[in-house]
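Numbering (UniProt numbering), first residue to last: 10 to 433.
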Ligand code: NIG
Ligand code: FE
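Have a look at this one:
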């Protein structure tokens, strides 16, 4: 076929390296961040990519007539599956009334301080059965997959007590068995301070003493909302260190509303990612790049809140591999990676190729794909390299640019996960 094939970043480009063509200005050739093969083909066997290259060569070695499933993608585009590295997709209820209040000018943090926001979702989630939570999550995963996500990280954090936090991670575990999308579980007991805790310090103790011991076996990462009036840098340091003692690698919600110092903490702890970063400075960007912490930008959240977007150039200029993720949650009810890519371009000024790289390879890096000690996702996640996972998309579109260019609709025609047809 005459498919255009995108194999992800050129080999030799890693999250630790400084050779991402970032800079203060947009790169001279923004397409250079993706390796493209015109008229290419890809073969998958035993769940992994076994050949990728010019169609003629690949089909000589792997004749389509011998394949269990073959697609002629002539005129279409093949991409690695999207890696959505930051979601809060397991919860009950919705907050549509708060959406209306926010539109009338009520700030997110004021809603939270009054016991709404996250705490409202906590009440709904504590009251929901495991079956309801599982049903909700499976339905959302269908939507996410239809928009091209083949790997999705899911955080707990709407339980805020040992029993419910465990229940949420058990639901993620069940969904991982029942749904083709690869799930990566993160424990986020430190998402907010629940009403029944006397003080923040009291709650931090409970997370460490009551929750961590019963959830650790079900999660890979430990995350914390390091924010003014939520968890301080000192609280966050305690929580993330305790998480690591239970084998959970740190992630952090940093510099979202206030610049508190979460980036520096992430660098100190060699966290796998620091996320949001709306208020981050060049100094923060340098600290993250030097420590190999993946800056994860969530344009849907800024869009939903009507605030300014994070500035991707400062992280690219510092030499980081950036990730784009949906942050899907009741405040940012946007499960699609395609729309996140659109916002990354229109709102944050990435080129289409940069947005695709950040949504594929970048997401993998934010889940530790390039760290040998972390096995949350296969290495080479978000690429079509030989030996990498057979997670790929066929777009009903002539180039990758159609992903961010067309919005409000999907260009994903098929999705494969570990070589199996997972969607359409
Ligand atoms: O990443 N900032 C904290 N946590 C989520 C929002 C969760 C919620 O509002 O329910 C986020 O945006
Ligand atoms: Fe979040």
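A virtual CB, placed ideally from N, CA and C, is assigned to each residue, including glycine.
Legend entry - Length at least 4, wholly inside the stretch 56-133: the alpha helix (DSSP H) runs in chain order: Whole alpha helix (DSSP H) segments, 4+ residues: 64-70, 105-112 and 117-122.
Inset, instruction - Please say whether residue 175 and residue 258 have beta carbons closer to each other than 9 Å? - result: As a first step, residue 258 must be located in the chain shown, where it is residue number 249. As a first step, residue 175 must be located in the chain shown, where it is residue number 166. No.
Inset, instruction - Specify whether the stretch 328-338 and the stretch 304-318 touch according to this definition: at least 3 beta carbon pairs, one from each stretch, less than 8 Å apart. - result: With three or more CB-CB distances shorter than 8 Å, the stretch 328-338 counts as touching the stretch 304-318.
Inset, instruction - Kindly provide the ranges of any beta strand (DSSP E) runs that are 3 or more residues long and lie completely inside the stretch 278-343, ordered along the chain. - result: Listed in chain order, the complete beta strand (DSSP E) runs (minimum 3 residues) inside the stretch 278-343 are 282-285 and 303-306.
Legend entry - For residue 404, the first and last residue of its enclosing beta strand (DSSP E): Translated into positions along the chain shown, residue 404 becomes position 395. Taken as a continuous stretch (DSSP letters only), the beta strand (DSSP E) holding residue 404 covers 401-404.
Inset, instruction - Flag this pair as yes or no: are the beta carbons of residue 86 and residue 411 separated by less than 9 Å? - result: Mapped onto the chain shown, residue 86 falls at position 77. Mapped onto the chain shown, residue 411 falls at position 402. Taking 9 Å as the Cβ cut-off, residue 86 and residue 411 qualify as a contacting pair.
Inset, instruction - Examine chain D for any beta-carbon lying closer than 9 Å to the beta-carbon of residue 158, and answer yes or no. - result: In summary, chain D is missing from the structure at hand, where a single protein chain is found.
Legend entry - Beta-carbon gap between residue 83 and residue 162 smaller than 9 Å: In the chain shown, counting from the first residue as 1, residue 83 sits at position 74. In the chain shown, counting from the first residue as 1, residue 162 sits at position 153. No.
Inset, instruction - Return the residue from the list 421, 326, 168 and 316 that minimises the CA-CA distance to residue 341. - result: As a position in the chain shown, residue 341 is number 332, starting the count at 1. Among 421, 326, 168 and 316, the Cα nearest to that of residue 341 is on 316.
Legend entry - Secondary structure of residue 257, DSSP reduced to three states: Here residue 257 refers to the residue found at position 248 of the chain shown. Residue 257 falls in the coil class under three-state DSSP.
Inset, instruction - Specify the secondary structure class of residue 232 as computed by DSSP and reduced to three states. - result: Along the chain shown, one-based indexing puts residue 232 at 223. Note: residue 232 maps to strand in three-state DSSP.
Inset, instruction - Taking 9 Å as the cut-off, decide whether the C-beta atoms of residue 117 and residue 124 are in contact. - result: In the chain shown, counting from the first residue as 1, residue 117 sits at position 108. In the chain shown, counting from the first residue as 1, residue 124 sits at position 115. At the C-beta level, residue 117 and residue 124 stay beyond 9 Å of one another.
Inset, instruction - Counting only the same chain and skipping the five closest in sequence on each side, list residues whose C-beta sits under 7 Å from that of residue 352. - result: The residue given as residue 352 occupies position 343 in the chain shown. Take residue 352, set aside five residues on each side of it, and the residues of its chain with a beta-carbon closer than 7 Å to its own are 308, 309 and 312, in chain order.
Inset, instruction - Determine the burial state of residue 324: buried for a count of at least 16 other Cβ atoms within 10 Å of its Cβ, exposed for fewer. - result: Within the chain shown, the letter at position 315 stands for residue 324. Classification for residue 324: buried.
Inset, instruction - Using the Cα positions of residue 262 and residue 390, report the straight-line distance between them to the nearest angstrom. - result: Taking the first residue of the chain shown as 1, we reach residue 262 at position 253. Taking the first residue of the chain shown as 1, we reach residue 390 at position 381. Distance between the alpha carbons of residue 262 and residue 390 is about 23 Å.
Inset, instruction - Decide if the stretch 190-200 is in contact with the stretch 218-225; the criterion is three or more beta carbon pairs, one per stretch, under 8 Å apart. - result: Yes: the two stretches touch, three or more of their Cβ pairs being nearer than 8 Å.
Inset, instruction - Excluding the 5 residues preceding and the 5 following residue 216 in the sequence, name in chain order all residues of the same chain whose CB lies nearer than 7 Å to its CB. - result: Your numbering for residue 216 matches position 207 in the chain shown. Contacts found: 198, 199 and 248.
Legend entry - Range of the contiguous alpha helix (DSSP H) that encloses residue 150: Indexing the chain shown from 1 puts residue 150 at position 141. Taken as a continuous stretch (DSSP letters only), the alpha helix (DSSP H) holding residue 150 covers 139-155.
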